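S.K.: Below: one structure in structure tokens.
Number of protein chains: 4
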Amino acid sequence: MRAITTVPPSGGITLSQLDLEKGDGVKVRTLFTGICGTDKEIALGKLSFARPEKGRSLVLGHEAVGVVDDSSGYSSFKEGDIVVPMVRRPGGCRMCRLGRQDFCEDGDFVEAGIRGKNGFMREEFLEDPRFLVKVDDPSTVNLAVLTEPLKNVMKIKETFQFLRGRIPWYCQDSTLSCKNLYVFGTGTEGLLISMVFKSLGMNVVEVNRHPLGENIMKFLDDNRISYIDTSSERLDIKVRDMSMDAAIDAVGAMDVLKEITDNISNNGIAIMFGTSGQMPSSTFDILERVVDRNVTVVGSVDGAKIHYSEAIDFIETHGKTMHMDRIITGKYSPEDLKIFTEKEKEEIKKVIAWS
Amino acid sequence: MRAITTVPPSGGITLSQLDLEKGDGVKVRTLFTGICGTDKEIALGKLSFARPEKGRSLVLGHEAVGVVDDSSGYSSFKEGDIVVPMVRRPGGCRMCRLGRQDFCEDGDFVEAGIRGKNGFMREEFLEDPRFLVKVDDPSTVNLAVLTEPLKNVMKIKETFQFLRGRIPWYCQDSTLSCKNLYVFGTGTEGLLISMVFKSLGMNVVEVNRHPLGENIMKFLDDNRISYIDTSSERLDIKVRDMSMDAAIDAVGAMDVLKEITDNISNNGIAIMFGTSGQMPSSTFDILERVVDRNVTVVGSVDGAKIHYSEAIDFIETHGKTMHMDRIITGKYSPEDLKIFTEKEKEEIKKVIAWS
Amino acid sequence: MRAITTVPPSGGITLSQLDLEKGDGVKVRTLFTGICGTDKEIALGKLSFARPEKGRSLVLGHEAVGVVDDSSGYSSFKEGDIVVPMVRRPGGCRMCRLGRQDFCEDGDFVEAGIRGKNGFMREEFLEDPRFLVKVDDPSTVNLAVLTEPLKNVMKIKETFQFLRGRIPWYCQDSTLSCKNLYVFGTGTEGLLISMVFKSLGMNVVEVNRHPLGENIMKFLDDNRISYIDTSSERLDIKVRDMSMDAAIDAVGAMDVLKEITDNISNNGIAIMFGTSGQMPSSTFDILERVVDRNVTVVGSVDGAKIHYSEAIDFIETHGKTMHMDRIITGKYSPEDLKIFTEKEKEEIKKVIAWS
Amino acid sequence: MRAITTVPPSGGITLSQLDLEKGDGVKVRTLFTGICGTDKEIALGKLSFARPEKGRSLVLGHEAVGVVDDSSGYSSFKEGDIVVPMVRRPGGCRMCRLGRQDFCEDGDFVEAGIRGKNGFMREEFLEDPRFLVKVDDPSTVNLAVLTEPLKNVMKIKETFQFLRGRIPWYCQDSTLSCKNLYVFGTGTEGLLISMVFKSLGMNVVEVNRHPLGENIMKFLDDNRISYIDTSSERLDIKVRDMSMDAAIDAVGAMDVLKEITDNISNNGIAIMFGTSGQMPSSTFDILERVVDRNVTVVGSVDGAKIHYSEAIDFIETHGKTMHMDRIITGKYSPEDLKIFTEKEKEEIKKVIAWS
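Protein chains in written order, with my numbering: chain A, 131 to 485; chain B, 131 to 485; chain C, 131 to 485; chain D, 131 to 485.
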């Protein structure tokens with residue numbers, strides 16, 4: 131079968147011919163795989179921790195949806211079930227044994243398509259049924275390829291709900307309708323974050339440093355999410371008179387952290403998800419505001435099986451009404467390897483269709 | 131009566147003659163007042179937000195212990211009671227109305243001896259009984275002047291205990307005995323933090339960038355707290371093979387934040403209390419580790435009445451056995467105004483005795 | 131206009147002619163009102179705490195959905211908006227001032243249609259916009275009359291999520307898919323509870339002591355909720371080999387509390403919502419199991435504005451797919467006063483259509 | 131060596147001669163063992179779940195303090211260390227593997243001196259160092275025999291602090307000084323509960339249904355804990371005008387549960403620890419108040435190693451000032467077997483001195 135492979139950590143991208151692995155597991159036929167920044171970095175040889183499962187090459191792909199071709203006697207699945215495979219697989223630490231490998235204590239895990247385990251950019255794969263999550267509504271199969279990036283948002287939501295418990299962090303009327311959330315980044319993760327937190331009843335403001343294309347602007351408008359382009363408008367909550375009660379970052383640049391801590395409200399919550407390695411453009415101090423205002427800055431990475439389930443539920447319940455299809459801006463065949471290196475106009479999420 | 135005053139925000143320090151204010155309240159005779167970095171900054175005109183209660187001058191002093199001279203009919207106190215006055219007084223926001231002005235949402239509060247309210251560096255003051263906290267054990271009166279700095283630590287402890295709830299953040303045997311806490315700063319706050327967290331059963335490591343004097347070293351040794359002098363030894367947990375599971379900062383320098391995020395464990399908790407305004411010596415990125423390791427960095431400022439009570443309880447129960455008296459390194463008379471500008475050898479906390 | 135009134139606490143039920151109250155507020159035209167056990171009890175004079183707003187008679191009705199007829203200059207609403215009015219209005223206690231009158235500390239609140247405030251069983255009413263919650267999707271207007279009973283379930287969910295934090299209360303794989311929830315009662319509240327907790331991924335078992343009609347059985351089957359009829363089958367988890375990890379009661383009988391505590395698992399969570407006043411059929415001891423198994427039994431009453439919002443969101447997202455319309459078993463005109471005293475075959479929720 | 135043994139579950143009490151077990155472990159010489167209701171029940175053959183470690187007889191005793199005689203090469207202890215052994219030993223469930231066998235999910239544990247493991251009423255025993263907790267201050271060795279009952283209180287405190295997080299459950303000034311806690315039972319556990327919660331700053335009221343002896347009354351007075359004798363005074367908070375904000379039960383009778391739910395405030399927290407099996411004197415309904423007032427009733431059993439540590443810390447810091455020695459009302463030699471069947475006048479805790 132066809133498979134998209136790389137040779138980590140040096141990179142490169144090849145359409146190879148592979149056999150299905152031998153062994154136990156549910157046989158899944160891949161329908162769609164998404165490509166994201168991590169895939170591109172691996173392909174460019176920029177991700178130092180990328181490593182093969184064995185031998186020298188690694189099948190890419192960690193965002194996927196497929197259909198069960200042979201349930202191999204596992205009663206939890208049957209042929210025809212739509213399924214999403216999980217990326218990170220637990221090691222032996224306390225948190226991994228609790229099913230929370232997203233909080234792995236020692237880094238001793240593998241991640242399909244990234245480190246130590248072949249991914250899903252191939253026509254078929256065998257999978258341990260414990261790491262498959264079922265999609266109930268087959269009509270959402272096109273959106274279900276977003277489950278993997280969306281599960282990160284569901285963990286971010288869990289983190290946010292936990293941190294709010296430090297004080298009665300809600301409005302006079304018990305809702306979140308008076309609270310403004312600034313989301314940094316307008317890629318897939320940024321947009322998914324905006325959707326999920328909008329559905330919690332917050333005022334959501336997207337922030338980036340360039341104008342957006344028509345497609346995204348329409349997505350934001352339809353979901354009543356506003357936008358600040360910091361290339362033309364200063365992000366200064368004093369000027370704008372709209373407090374920054376919480377912030378979530380999907381960019382990963384230190385300058386964004388400065389923008390957040392410069393503006394965030396007392397008792398503000400900032401959840402950091404992006405990691406670009408971008409160094410700050412100047413030195414600065416965040417501590418005075420973080421301390422004097424009781425600000426929380428917390429990192430959130432990955433998500434557990436519960437978050438995959440919640441992501442699928444969100445797609446089934448909000449995917450159509452919130453126009454999630456606008457996030458998928460291109461479908462390609464496995465032969466179109468240039469999508470790993472070229473960027474389309476107004477590109478958000480590119481998807482490879484496998485059949 | 132004698133009072134130590136300044137003219138904020140321009141500074142200066144004067145021993146003045148004042149009358150007791152008119153009005154309601156319990157009359158308290160001051161026994162001891164501590165002086166801290168904030169007092170020195172106000173005296174030097176470096177604290178821009180310092181402001182008088184009315185007129186032009188401000189009585190300094192926010193760390194105090196006194197004795198009730200006249201309870202003025204308030205039943206909650208009687209003559210002879212040892213009391214500690216609170217610093218921050220609530221405004222009208224939601225959190226202030228809940229008694230948690232340490233989480234004030236709008237900054238609309240006053241702080242005795244700092245902004246908008248006269249402090250306690252005077253022989254007597256009238257006080258609203260709601261803002262006096264009683265010391266039960268008169269034998270701890272000398273240590274009770276540390277209540278105010280210690281109440282900050284009690285809020286830090288509350289914050290730590292809350293944040294631990296994100297996951298089962300404890301050892302295999304349910305205790306904290308396998309967890310290492312690094313405390314940055316060896317001034318009063320740093321040492322008090324070390325004491326309180328040592329009493330929770332953690333391994334506590336103090337960190338600073340110079341050798342310590344004999345007095346502090348003995349204090350640390352007696353309390354089985356270890357010390358790293360980063361001027362002679364690298365703080366690198368890989369080299370030391372002693373993980374940094376949590377960190378608390380009482381320095382307030384961005385370089386310390388970098389040291390923490392460079393070294394902290396997965397799911398680590400960093401609580402920031404210091405604010406020196408020191409800019410980083412170079413640019414750096416903290417996001418990759420904060421995100422990939424689910425690290426929490428949280429600011430904690432001030433404390434509520436409950437924390438004053440807990441501080442007094444801690445002094446009464448651990449003050450003697452943990453040698454808290456070693457933190458007080460000098461007692462002075464109100465006339466010794468040079469203590470605001472000169473630094474003693476091995477100075478930690480200097481105290482003014484008022485009678 | 132027509133209005134359904136009673137004379138509390140003695141009861142009775144009359145179709146009266148009333149004028150719209152004078153004063154400020156958004157003018158709402160009533161579309162549907164639901165009737166529930168509380169309405170019937172007030173009508174029968176069995177609810178001792180029922181009381182008029184002023185004078186002697188009270189307009190009944192606390193479950194309602196309407197349409198804005200005149201927004202009276204309030205910018206938060208416009209004509210044509212579909213809205214649900216809240217029942218309980220805050221008093222002056224700490225929790226009421228936080229917007230959490232569902233946790234009122236002193237009982238000093240009014241409840242529309244129940245105590246101290248006229249309800250919504252009338253053609254029109256004026257309402258303070260703070261107590262109106264907007265329905266975004268007009269196609270759910272028929273189901274939106276279930277918002278009020280459903281908001282109770284949303285608070286139950288909040289309570290459940292909070293209590294779970296005592297320990298890592300989840301399955302080996304981080305989800306709730308291994309956890310069995312027993313719901314007692316198959317009226318409106320019981321069925322709504324089952325729906326909401328099913329959507330969290332739990333195995334839900336409905337329990338009652340009689341066979342169910344075809345309509346409810348189909349509702350349960352369609353939602354993959356199982357049913358135990360304790361008139362024909364013993365509720366004994368040892369016999370059934372299906373643990374009771376959590377239980378939620380919408381019956382309010384002490385015998386149900388016994389059934390729960392006799393069967394619930396270690397670290398089990400029982401949330402009590404029903405209050406029928408039914409005395410137990412025999413004396414019994416619940417403490418041995420509650421203590422030895424670390425069981426939590428917690429009462430949950432009412433819900434805050436956030437729960438109304440969540441209820442509307444749930445109706446919009448799950449109402450159709452989970453067949454919520456099967457809960458509404460009859461629509462009547464305001465003239466059909468016999469619906470307060472007669473019970474239909476297979477009746478669950480009866481609704482009065484006002485236009 | 132001498133050992134006090136029984137033959138569970140039939141009971142009986144014998145002073146036997148035994149050899150020290152063979153195997154690994156720290157060798158501990160027993161100093162004191164406490165006897166409690168459980169020991170008496172086992173001796174009377176009333177505890178159905180009591181069972182031997184092997185063979186037919188069981189060494190009694192689960193409350194103990196000893197001194198390390200031979201650390202057998204384990205570096206965590208040295209000869210002369212004062213130690214308290216833990217009672218419950220973990221099985222293989224998720225919570226046991228987390229070190230929280232007090233939340234054991236499947237009951238698959240052993241308890242020294244009670245079920246499946248020999249206890250400490252013998253001159254010496256070998257112990258796995260993981261289950262020994264060190265007493266730092268040798269001057270508290272007499273009180274340290276109370277560590278085991280006190281560790282239950284520390285878990286109760288953990289439970290209370292957790293449950294308080296449901297809402298801002300504190301006074302206007304952030305403390306607990308306005309909150310009244312009623313403690314039911316004046317035996318060892320009741321008194322220890324009163325001490326610990328008094329130290330949190332609450333108003334504590336002890337309740338029992340008979341007059342107390344002079345010794346206990348003095349203990350309560352010295353600690354400013356008040357007392358209600360319900361044989362002469364009705365427990366009716368309306369009459370007394372002192373709200374019951376929280377309640378902790380160390381009796382275990384259903385009639386106490388009724389007294390609590392009849393009187394407890396809105397949002398009240400009731401923690402149940404006692405289990406006497408006493409049936410209620412009449413049938414009653416607790417649900418109306420539990421539900422309408424959002425009351426929490428939670429069971430708490432046993433404690434984890436962290437709670438043993440906290441108990442030892444509490445004894446070291448509060449034991450002398452709070453007159454904990456008054457709880458120990460008699461010291462006996464191992465030969466005095468009648469102490470298992472006879473009750474002394476004003477008896478609270480009886481202790482056997484082994485050397």
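Even for Gly, the Cβ is constructed at its ideal location relative to N, Cα and C. Please read all numbers here as calculations on a predicted model, not as lab measurements.
1) Look up residue 432 of chain C in the DSSP assignment and give the residues it is bridged to.
2) From this set, A/301, A/291, A/413 and A/373, which residue's C-alpha is nearest residue 311 of chain A's C-alpha?
3) Using a Cβ distance threshold of 8 Å, determine whether the segment 370 to 387 of chain C contacts the segment 395 to 409 of chain C, with at least three qualifying pairs required.
4) Can you tell me the Cβ-Cβ gap for residue 380 of chain D and residue 280 of chain D, rounded? I've got them flagged as a contact below 8 Å.
5) Among D/146, D/251 and D/151, which one has its Cα closest to the Cα of residue 481 of chain D?
6) Could you check the C-alpha separation between residue 148 of chain B and residue 189 of chain B for me, to the nearest Å?
7) Do the segment 216 to 226 of chain D and the segment 242 to 260 of chain D make contact, defined as three or more Cβ pairs closer than 8 Å?
8) With a cut-off of 8 Å on the beta carbons, I'd call residue 328 of chain C and residue 334 of chain C a contact; round off their distance for me.
9) Within the same chain, show all residues whose beta-carbon is closer than 7 Å to that of residue 258 of chain A, passing over the 5 residues directly before and after it, in chain order.
10) Threshold first: 4 residues or longer. Then list the alpha helix (DSSP H) segments lying entirely within the segment 375 to 427 of chain A, N to C.
11) I'd like to check one pair, residue 326 of chain B with residue 265 of chain B: are the Cβ atoms closer than 9 Å?
12) At a CB distance below 9 Å, what residues from the segment 277 to 301 of chain B approach chain D? Give them in sequence order.
13) Can you name the residues that DSSP bridges to residue 189 of chain D?
14) In chain order, which beta strand (DSSP E) runs of at least 3 residues are fully inside the segment 331 to 362 of chain D?
15) Is there a C-beta anywhere in chain E that falls below 9 Å from the one on residue 417 of chain B?
16) Quick one: is residue 131 of chain C near chain D, going by C-beta distance under 9 Å?
17) What are the boundary residues of the alpha helix (DSSP H) that residue 279 of chain C is part of?
18) How long is the line joining the alpha carbons of residue 303 of chain A and residue 159 of chain C, rounded to whole angstroms?
19) In the segment 196 to 279 of chain C, which residue ranges form an unbroken alpha helix (DSSP H) of at least 4 residues, counting only runs that do not cross its ends?
20) At a CB-CB cut-off below 7 Å, which residues of chain A make contact with residue 228 of chain C?
21) Does DSSP put residue 300 of chain A in a helix, a strand or coil?
22) Any idea what DSSP makes of residue 323 of chain C, helix, strand or coil?
23) Taking C-beta to C-beta, are residue 414 of chain B and residue 272 of chain B nearer than 9 Å?
24) Residues of chain A with CB under 8 Å from residue 448 of chain C, in chain order?
25) What are the boundary residues of the alpha helix (DSSP H) that includes residue 368 of chain B?
26) Is residue 339 of chain D close to chain A? Criterion is C-beta to C-beta, closer than 9 Å.
27) Taking Cβ-Cβ distances below 7 Å as the criterion, which residues of the segment 360 to 390 of chain D are in contact with chain C?
28) With 8 Å as the C-beta to C-beta threshold (strictly closer), list the residues of the segment 322 to 333 of chain D near chain B in chain order.
29) Does the beta carbon of residue 147 of chain B sit closer than 9 Å to a beta carbon anywhere in chain A?
30) Determine the contact status of residue 225 of chain A and residue 235 of chain A, defining contact as a CB-CB distance below 9 Å.
31) Tell me the DSSP secondary structure of residue 364 of chain C in three-state form.
32) Hey, does residue 453 of chain A have any beta-carbon neighbour from chain C nearer than 9 Å?
33) Would you kindly report the start and end of the unbroken alpha helix (DSSP H) that includes residue 173 of chain C?
34) Counting Cβ pairs, one atom from each stretch, are 3 or more of them under 8 Å apart for the segment 313 to 326 of chain D and the segment 466 to 475 of chain D?
35) Please identify, using Cβ separations under 9 Å, the residues of the segment 228 to 261 of chain D that lie next to chain C, in order along the chain.
36) Tell me the rounded alpha-carbon separation between residue 421 of chain A and residue 321 of chain C.
M.R.: So, to answer that:
1) Residue 432 of chain C pairs with nothing; no bridge assigned.
2) A/373
3) yes
4) The Cβ separation is near 12 Å, so there is no contact.
5) For residue 481 of chain D, the nearest C-alpha among the options comes from D/251.
6) 10 Å
7) yes
8) Contact between residue 328 of chain C and residue 334 of chain C holds: their C-beta atoms lie close to 5 Å from each other, under 8 Å.
9) The answer, listed in chain order, is 155.
10) 384 to 393 and 417 to 422
11) Taking 9 Å as the cut-off, the Cβ atoms of residue 265 of chain B and residue 326 of chain B do not count as close.
12) 291, 292, 295, 298, 300 and 301
13) D/135
14) 333 to 338 and 356 to 359
15) The structure shown contains no chain E; its protein chains are A, B, C and D.
16) The C-beta of residue 131 of chain C comes no closer than 9 Å to any C-beta of chain D.
17) 277 to 294
18) Using only the alpha carbons, I get a separation of about 24 Å.
19) 224 to 227
20) 298
21) coil
22) helix
23) No; because the gap between Cβ atoms is not below 9 Å, this pair is not in contact.
24) 447
25) 367 to 370
26) no
27) 382, 384 and 387
28) 329 and 331
29) Output row for residue 147 of chain B: interface = no.
30) A contact, by the Cβ cut-off of 9 Å.
31) coil
32) Taking Cβ atoms only, chain C never reaches closer than 9 Å to residue 453 of chain A, which makes this a no.
33) 167 to 173
34) no
35) 228, 230, 232, 233, 234, 235, 236 and 237
36) Spanning the two alpha carbons is a distance of roughly 47 Å.
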